[in-house]
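A.B. asks:
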Amino acid sequence: MQIFAFSDKGPRTNNQDSFCVETKGIETIACVADGVGGNQGGEIASQLAVDSFKESFVAGLQLTACLEAAHRSINEQAALDPALHGMATTFTAIHWDGGILKGVHTGDSRAYLLRDFGLKQLTKDHTEVARLVAEGKISKEDSVHYPRKNVLTSALGTHKSLLIDEFSFEVEAGDRLLLITDGIHGVVTKKCLVSLSIAHADFIEFCEEVIKKVNYITATDNFTLVGLEF
């Protein structure tokens, strides 16, 4: 297995994205988190979520329970400091033990599976605009210009109902898995990712080209990519 991880603040003054990727024996865990909140709140929320997730996983909790624990941890920390009130974070994570890969997700970061010549999005965006599109109230074309397209309907640390999606798939040799924040998927299209993957047989080169593409098109946000090739 090959691993690639990269995070950059882009044009922002600080990086509110956090991530982890760790392997031990045949087991691998990986996650990305995109924090939201004023002052340092988003940065703290995303790192707190990552740290809590790792701690809970080591303690033997299931993936969904790990996210619920991180959610509580962020809320508890925010309650102690008025400056952190309202901090929250997206969170997308996976665990692979050599067999079925399992994942959990809340917010609008994404997990993509690149296999052969196609791409499958494994997560759903928990955003107001995604909900409106799903309900048929606006079209996909109109959603691009929707003024509240970045409003989340679920995230760790919010006081809204927490939505946690689960996903899984049986890993095949050559599969490429990307965990990315919206600083990447909001800039680089799925079609472009497929083209880059086909053009670059070397996984590390492929990931580096994705990062170059974000910078070439012009990054608008923090951006983070954690990639695994099996």
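Residue numbers (full-length UniProt numbering): 1 to 230.
A virtual CB, placed ideally from N, CA and C, is assigned to each residue, including glycine.
Remember, it's a predicted structure, so these values are computed and weren't measured experimentally.
(1) What does the alpha-carbon distance come out to for the pair residue 169 and residue 77?
(2) Evaluate the contact criterion for the stretch 144-155 versus the stretch 206-217: three or more CB pairs, one atom per stretch, below 8 Å.
(3) Grab the span of the alpha helix (DSSP H) containing residue 81 for me, first residue to last.
(4) Applying the criterion that 16 or more other CB atoms from any shown protein chain within 10 Å of the CB defines a buried residue, is residue 2 buried or exposed?
(5) Quick one: give me the first and last residue of the beta strand (DSSP E) that residue 168 is part of.
(6) What does residue 7 pair with, by DSSP beta-bridge criteria?
(7) Within its chain, find whatever has a CB closer than 6 Å to the CB of residue 222; leave out the 5 residues flanking it on each side and keep chain order.
(8) Around the Cβ of residue 161, are there at least 16 other Cβ atoms within 10 angstroms (buried) or fewer (exposed)?
(9) So what's residue 229 in DSSP terms, helix, strand or just coil?
(10) So, does the stretch 81-99 touch the stretch 20-33, judging by three or more C-beta pairs under 8 Å?
(11) Report the three-state DSSP secondary structure of residue 73 (helix, strand or coil).
(12) Let me know the secondary structure DSSP gives residue 17 once reduced to three states.
(13) For residue 21, which residues from the same chain have a beta carbon less than 6 Å from its beta carbon, with the 5 sequence-adjacent residues on both sides left out?
C.D. replies: A quick look at the data gives this:
(1) 35 Å
(2) no
(3) Here residue 81 belongs to no alpha helix (DSSP H), and DSSP marks it neither H nor E.
(4) exposed
(5) 165-170
(6) 224
(7) 9, 10, 12, 15, 16, 17, 183
(8) exposed
(9) strand
(10) yes
(11) helix
(12) strand
(13) 3, 5, 30, 226
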